[in-house]
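Quick notes on the structure that follows.
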Amino acid sequence: MALRNIMGKRVGIGLMGSRALSTATCDVESGSAKSINLYSAINQALHVALETDPRAFVFGEDVSFGGVFRCTTGLADRFGKARVFNTPLCEQGIVGFGIGLAAMGNRAIAEIQFADYIYPAFDQIVNEAAKFRYRSGNQFNCGGLTIRAPYGAVGHGGHYHSQSPEAFFCHVPGIKVVIPRSPRQAKGLLLSCIRDPNPVVFFEPKWLYRLAVEEVPEHDYMLPLSEAEVIRQGSDITLVGWGAQLSIMEQACIEAEKDGISCELIDLKTLIPWDKETVEASVRKTGRVLISHEAPVTGGFGAEISASIVECCFLRLEAPVARVCGLDTPFPLVFEPFYMPTKNKILDAIKATVNY
Amino acid sequence: MALSYLRSSSSRSANLLKPLSSGLSLRSPISTDTTPITVETSVPFTSHRCDAPSRSVETNPKELLTFFRDMALMRRMEIAADSLYKAKLIRGFCHLYDGQEAFAVGMEAAITKKDCIITAYRDHCTFMGRGGTLLEVFAELMGRQAGCSKGKGGSMHFYKKDSNFYGGHGIVGAQVPLGCGLAFAQKYSKDETVTFAMYGDGAANQGQLFEALNISALWDLPAILVCENNHYGMGTAEWRAAKSPAYYKRGDYVPGLKVDGMDALAVKQACKFAKEHALKSGPIILEMDTYRYHGHSMSDPGSTYRTRDEISGVRQERDPIERIRKLILSHDLASEKELKDIEKEVRKEVDDAITRAKESPMPEPSKLFTNVYAKGLGVESFGADRKEVRATLP
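Right, dumping it as structure tokens:
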């Protein structure tokens, strides 16, 4: 793992970039913690962000009364309508507006109500946000922009309330894509994203908004971006994932353990720029890798991880890289259980890979 | 009175003088009388860059009773859908139209099934207006094979090709440029038909709407853009989302008409006017001042951003079904009992349809892969692990 000096600068990892406001890096473990769910953790992070930076703004559709998932509860009352406000229904306008706000040195925290609706804003994100610093020769930037969107399956979301569009954004140099797996991670990662000097797209797993409950420190803390975390140690196969899918993968790991297969599970956390080193180190240990995500398999981010691993670890690999992902169909309605990369599909793939 | 030979105007109770012509059917008789009646709309039309049509609408007993029946059916259907959703038989998202029925029936009365309609996700009643059946509605809501989209679409994606109903769209505002494309095709084929592209007050702030308006006006397309203004874009009131909530004026160079969307006759008059206008001079915007009793969807209680008094106030003052009921009663076209019988009948129809819909099976698992691409393309879709499950997309 990379060393970090007091200022939070990553040492020895070239392009990762330094983090802004890194003096606020508190020890995650100190202070009191309370058991809360994901939307409350995100809510706390937003409260902290607005409290600590007077030029931070939260806006989006219906955020004023608390938002459809209650992530923005209490913000309008506490910080006023000039800093927390509703926008009309216009994603392209929301993100474009956010870019402008950020370009003036503010922290613009834009909410897209469901990741499925982010596409009208795709042009703004890809062509404006990602390239602003680059094409202005560093005169301008919109680093203060953070776009939050709930993503992922929820059991009955259908075509337009379940999509995982992270792969589209991973293809764009100039922005970061971050996905938390749990409440504690979410609060720390979101604060890091907001304070990061680059535009970030932060996908929140909506399935976990109420379901995931964890001890979350009450103080202001940040978790590092572009650092993957090994959340389960193992020696036979490396599993890589992010967001809600990790809990499914963990169940598969536990089942595989009963068959004597020791699985190492890695949470990527930041998809771009991703922590190749941690994954590589793990694959060198185990010789096998399996990637799982809800998005369709073809062209999903698993493909990028797979290609990179093969590039660096070809001779070490004992089996082809396995990908257990969504099917190559639109996200279905009643067929959701067939579409999803379930625990059993992952388990099958683990066994197939180990017995290759 | 012209109608006195059909009904005994003096006796509201047992129909002692029931006419022979309608006495034989087992259902409540819908009058086949087409004697014209003239009714004034609730409010005059407000126009933008055009001459408003007259407030006097021509109708007849048959039409009024049909309106009543159709709206009662739609109302009952939506309420039944509410119960089914709460019983978890309908899953996913369900956006109910009750309160807005007058638009669906009024529009249909002014156009033909050759005209195209395209709308957003609050489409159950629009689908019914286009000739959809209750079975298709409930089966689709429950994700069954008998549904209009074969169970693969759900609440937001109802379509009916044979009556040119282009659905049923989840992404807000996306259907409007699509509607303009339909209109272009209609103009090109010179078949004297128009397209009604419906959207809500929330969607009125989408950029693509203005792109669509510009295109339709530039090329004189027979497109009628209908803003069903129910005053709330999910949880956001119109005055907090739009600088100018006069949606009928937002077309700027495109003429517009503001209509009381709870008055089915006003809607009919406006749509008739709009169709004539669109065929002659290009696009027009209709703003329907309407209201939804339910929240945005079944996940929204609908009371966090508006008061219960407001909802019940509208229900008392402007309910579309009550308006037609009063009209029918005041013109003596049917008795109160007959209208109640119609409502009972409608309730039974809905219950029967639900029972039949429940019997319809879920789609076959193999259907997960169908219709991704055009048939026979032979594209392979991989299963989860790319080794075992491979299906050639049919």
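Protein chains in written order, with the numbering used here: chain W, 6 to 361; chain X, 2 to 395.
The C-beta atom is built at its ideal place from N, Cα and C for all residues, glycine as well.
| Asked | Found |
| --- | --- |
| Residues near M363(X) in its chain [Cβ-Cβ closer than 8 Å; skip 5 each side] | G144, R145, Q146 and G152 |
| Min CB distance K115(X) to chain W below 7 Å | no |
| Proximal residues, the stretch 107 to 137 of chain W versus chain X, C-beta separation under 7 Å | Y122 |
| Contact residues within the stretch 71 to 86 of chain W, judged by C-beta distance below 7 Å to chain A | Of the chains in the structure shown, none is chain A; the protein chains are W and X. |
| The stretch 138 to 150 of chain X: positions lying closer than 7 Å to chain W by Cβ | G144 |
| A375(X) classed as buried or exposed, judged by whether at least 16 other C-beta atoms fall within 10 angstroms | exposed |
| Beta-bridge pairing of G246(W) - partner residues as DSSP gives them | D272(W) |
| Within chain W, partners of M363(X) - CB distance below 8 Å | V339 |
| Where the alpha helix (DSSP H) through C318(W) begins and ends | F306 to C318 |
| Unbroken beta strand (DSSP E) run spanning N349(W), endpoints | Counting along the chain, N349(W) falls outside any beta strand (DSSP E), though it belongs to the alpha helix (DSSP H) covering K348 to V359. |
| Cβ-Cβ separation, T78(W) to D225(W) (assumed contact under 8 Å), whole Å | So it is not a contact: roughly 19 Å between Cβ atoms. |
| Terminal residues of the beta strand (DSSP E) in which D261(X) lies | G257 to D261 |
| Identified DSSP bridge partners for C330(W) | H298(W) |
| Spatially closest choice to A50(W) from F145(W), L150(W), R328(W) and K192(W), by CA coordinates | K192(W) |
| Test item: CB-CB of I180(W) and F208(W) under 7 Å | no |
| T230(W) - DSSP class collapsed to helix/strand/coil | Before going further, note that residue 230(W) is Leu rather than Thr in the sequence given. DSSP places L230(W) in coil when its eight states are reduced to three. |
| Member of L94(W), F64(W) and R83(W) whose CA lies at the smallest distance from the CA of A242(X) | L94(W) |
| Chain W contact for G303(X) (CB, 7 Å cutoff) | no |
| Any C-beta of chain W under 7 Å from that of N215(X) | no |
| Test item: CB-CB of H297(X) and M199(X) under 7 Å | no |
| Beta-carbon spacing of L287(X), V260(X) below 7 Å | yes |
| Beta-ladder partner(s) of K39(W), from DSSP | V221(W) |
| Every unbroken beta strand (DSSP E) inside the stretch 228 to 302 of chain X [3 residues or more] | 257 to 261 and 285 to 290 |
| Own chain, CB closer than 8 Å to E79(X), minus 5 neighbours either side, in chain order | L97, Y98, D99, H125, C126 and H295 |
| Where the beta strand (DSSP E) through S287(W) begins and ends | Careful: S287(W) lies outside any beta strand (DSSP E), inside the alpha helix (DSSP H) at K281 to T291. |
| Cα-Cα separation, P45(X) to R56(X) | 6 Å |
| Interface residues of the stretch 42 to 70 of chain W facing chain X [CB-CB below 9 Å] | E66, D67, S69 and F70 |
| Between the CA atoms of P155(W) and A120(W) - distance to the nearest angstrom | 6 Å |
| Interface flag, N349(W) vs chain X, CB-CB below 7 Å | no |
| Chain X contact residues for F306(W), given Cβ-Cβ distances below 8 Å | Correct list: empty, because the minimum Cβ distance to chain X is about 16 Å. |
| Status (buried if at least 16 other CB within 10 Å, exposed otherwise) for H278(X) | buried |
| Segment limits, beta strand (DSSP E) that includes F208(W) | V205 to P210 |
| According to DSSP, residues forming a beta bridge with T39(X) | E59(X) |
| Cβ pair count under 8 Å reaching 3, the stretch 264 to 271 of chain X against the stretch 106 to 126 of chain X | yes |
| Interfacial residues, the stretch 278 to 300 of chain X to chain W, with Cβ spacing under 7 Å | none |
| K376(X) - DSSP class collapsed to helix/strand/coil | coil |
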